[in-house]
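Here's the structure, in structure tokens; my notes come after.
Numbering (my numbering), first residue to last: 74 to 241.
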């Protein structure tokens, strides 16, 4: 037979669990719905912009001081979605010789990432395209470029299997 004390302790414990769960549920509701604007503002100001730095790689010479492997500058155009003006998409696609809708697809595909994370739009952009972007940077918020290094192999045989390669 179950004693009265046991039932009383069980009911008190159940009541305590319900009260604690209710308090946590109320605070969660208050933070997520009532004070959402305050926490969202603090969260967006707390974002970190990742800056990727590519290390310099050495130049390889043969015994006659002829260059075997060198570094070649490659320009990559990027868009930071948080600052990008989507009304300029057609204009930018025309300048970069991209198919219509390419930038829109990239933005949609990378929507799950942070809006502060830059998206690579075009690799190996020409110097003329980079110059144009730099001249019109005030009209293209959120569009920038980075200089990346590619390995250049001189001579007839490509030596990536001997000298190494950059994965990207």
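Cβ coordinates follow ideal geometry from the N, Cα and C atoms, glycine included. Note that the structure is a prediction, hence the values are computed from the model and not measured.
{"Item": "When DSSP builds the beta bridges, which residues end up paired with residue 217?", "Value": "151"}
{"Item": "Skipping 5 residues on each side, what residues in its chain have a beta carbon closer than 8 Å to that of residue 169?", "Value": "150, 194, 195, 198, 202"}
{"Item": "With a threshold of 16 other CB atoms inside 10 Å of the CB of residue 124, please say whether the residue is buried or exposed.", "Value": "exposed"}
{"Item": "Which class does residue 109 belong to by DSSP, given the choice of helix, strand or coil?", "Value": "helix"}
{"Item": "Note down the Cα distance separating residue 127 from residue 179, rounded to an integer number of angstroms.", "Value": "23 Å"}
{"Item": "State the Cα-Cα distance for the pair residue 175 and residue 166, rounded to the nearest angstrom.", "Value": "8 Å"}
{"Item": "By Cβ distance, which residues of its chain are closer than 7 Å to residue 162, with the 5 residues on each side in sequence left out?", "Value": "176, 177"}
{"Item": "Which stretch, first to last residue, makes up the beta strand (DSSP E) that contains residue 85?", "Value": "Taken as a continuous stretch (DSSP letters only), residue 85 belongs to no beta strand (DSSP E), being part of the alpha helix (DSSP H) at 77–102."}
{"Item": "Considering just the uninterrupted stretch of the alpha helix (DSSP H) at residue 167, what are its terminal residues?", "Value": "162–168"}
{"Item": "Are the CB atoms of residue 140 and residue 223 within a distance shorter than 8 Å?", "Value": "no"}
{"Item": "Reducing DSSP to helix, strand and coil, say where residue 222 ends up.", "Value": "strand"}
{"Item": "Could you tell me if residue 90 is buried or exposed, where buried requires 16 or more neighbouring beta carbons within 10 angstroms of its beta carbon?", "Value": "exposed"}
{"Item": "If you reduce the DSSP assignment to three classes, tell me which class residue 180 lands in.", "Value": "helix"}
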